[in-house]
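**Q**
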Amino acid sequence: LMKHWMSPKFRYEVGIRGEVSDVYDSPLLFSFRTNYAITNFYTLKLNASRNFRMPTYNDLYWQGSGNPDLNPETSYQAEIGNEFTFGSAVISLTGYYIKLRDMLRWIPQGSVWMPENVGRVNTYGGEAVVSWTKEIGSSRIELNGTYAYTVSNEEGKKEQLIYVPFHKATFSLAYSIKNITAYYRYLFNGSVFYTSDNQSEINAFDIATFGAEYHANLFKGIDIGAQLLNAFNKEYQNVATRPMPGRNYNIYLNIKF
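Letter by letter, the sequence shown follows residues 158 to 414 of the numbering used here.
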């Protein structure tokens with residue numbers, strides 16, 4: 158991996174690597190990325206890479222579901238990003254294209270999810286990300302939002318891959334004072350098809366979460382929190398014929414050593 162700052166505003170990275178496996182033959186992989194701060198508020202980002210992903214142990218041997226005949230996934234990826242900075246607010250707009258071969262996916266086969274390779278897949282789309290932070294004395298306000306548009310289909314076909322939404326959006330608002338944080342999170346998940354002919358779909362849904370957390374500086378950190386999940390008691394499904402819980406509660410304690 159080589160990193161080079163040509164000027165305070167322009168840098169690039171070039172990487173070349175190979176992976177060694179006694180099971181799969183890995184191609185020569187590369188990556189290239191560059192950042193160019195054209196003005197004080199606008200940065201152009203470019204990225205291109207060749208990627209390789211071997212099946213995991215679970216993909217191959219999960220009891221009752223694994224597939225030992227899986228091939229590794231290879232892909233080419235290119236993206237262009239535009240980042241705008243206005244004081245403490247950052248807006249990022251990114252477009253991308255991914256060309257995959259032997260895409261690894263877990264899909265439902267009846268009541269069991271099983272991994273498989275999907276021949277040749279083209280995926281493209283765009284993403285918008287907004288973040289804003291404001292500090293007032295010992296308190297802090299954070300706002301984040303994302304929107305993604307995704308098209309993913311097998312080469313030569315127009316049907317969208319199952320369980321891949323065209324539209325997805327998130328929003329979060331958090332207020333922190335000293336070691337206490339209260340937050341609101343929102344998710345919109347667009348409708349998805351659950352049959353490969355795109356004749357059957359699951360409706361879009363949106364859910365909200367309210368939560369609060371206290372962080373104690375003991376050991377390497379202790380977090381105590383509570384969440385109100387699906388706060389407005391929406392009826393929705395992630396997978397066909399499998400309803401998700403209505404309004405529910407979660408209390409947790411995380412200790413880091």
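Just so you know, even glycine gets a beta-carbon here, dropped at the ideal spot from N, CA and C.
Which one or two residues does DSSP pair with Y343 in a beta bridge?
**A** Y343 pairs with F328, A365.
**Q** Under a Cβ-count criterion, where at least 16 other Cβ atoms within 10 Å of its own Cβ denotes burial, should K391 be classed as buried or exposed?
**A** It counts as exposed.
**Q** So what does DSSP say about D226, is it helix, strand or coil?
**A** Note: D226 maps to coil in three-state DSSP.
**Q** Starting from L217, trace the alpha helix (DSSP H) in both directions and tell me its first and last residue.
**A** Its alpha helix (DSSP H) spans residues 214 to 218.
**Q** State whether the region 353 to 364 contacts the region 216 to 233, with contact taken as three or more CB pairs (one from each stretch) at a distance under 8 Å.
**A** No, because fewer than three Cβ pairs between the region 353 to 364 and the region 216 to 233 fall closer than 8 Å, the two stretches do not touch.
**Q** Output the distance between the C-alpha atoms of H324 and Q394, rounded to the nearest integer angstrom.
**A** In a straight line, the C-alpha of H324 is about 16 Å away from that of Q394.
**Q** Alpha carbon to alpha carbon, how far is V287 from F241? Give it in angstroms, no decimals.
**A** Rounded to the nearest angstrom, the two C-alpha atoms are 10 Å apart.
**Q** Of all the options Y193, R168, R258, which has the alpha carbon lying nearest to the alpha carbon of P184?
**A** Closest option to P184, Cα to Cα, is R258.
**Q** Going by the CB atoms, is the gap between M159 and V171 shorter than 8 Å?
**A** Yes, Cβ-Cβ distance for V171 and M159 is below 8 Å.
**Q** Along the chain, where does the beta strand (DSSP E) that runs through S309 open and close?
**A** Looking at the DSSP string, the run of the beta strand (DSSP E) that includes S309 is 296 to 311.
**Q** Return the Cβ separation of Y371 and I337 in integer angstroms, given the expectation that the two are a contact with Cβ distance under 8 Å.
**A** Correct: roughly 5 Å between the Cβ atoms.
**Q** Nearest CA to the CA of G302: which residue from N310, S296, W289?
**A** Ranking the options by Cα distance to G302, first place goes to W289.
**Q** Does DSSP classify R404 as helix, strand or coil?
**A** If DSSP states are grouped into helix, strand and coil, R404 belongs with coil.
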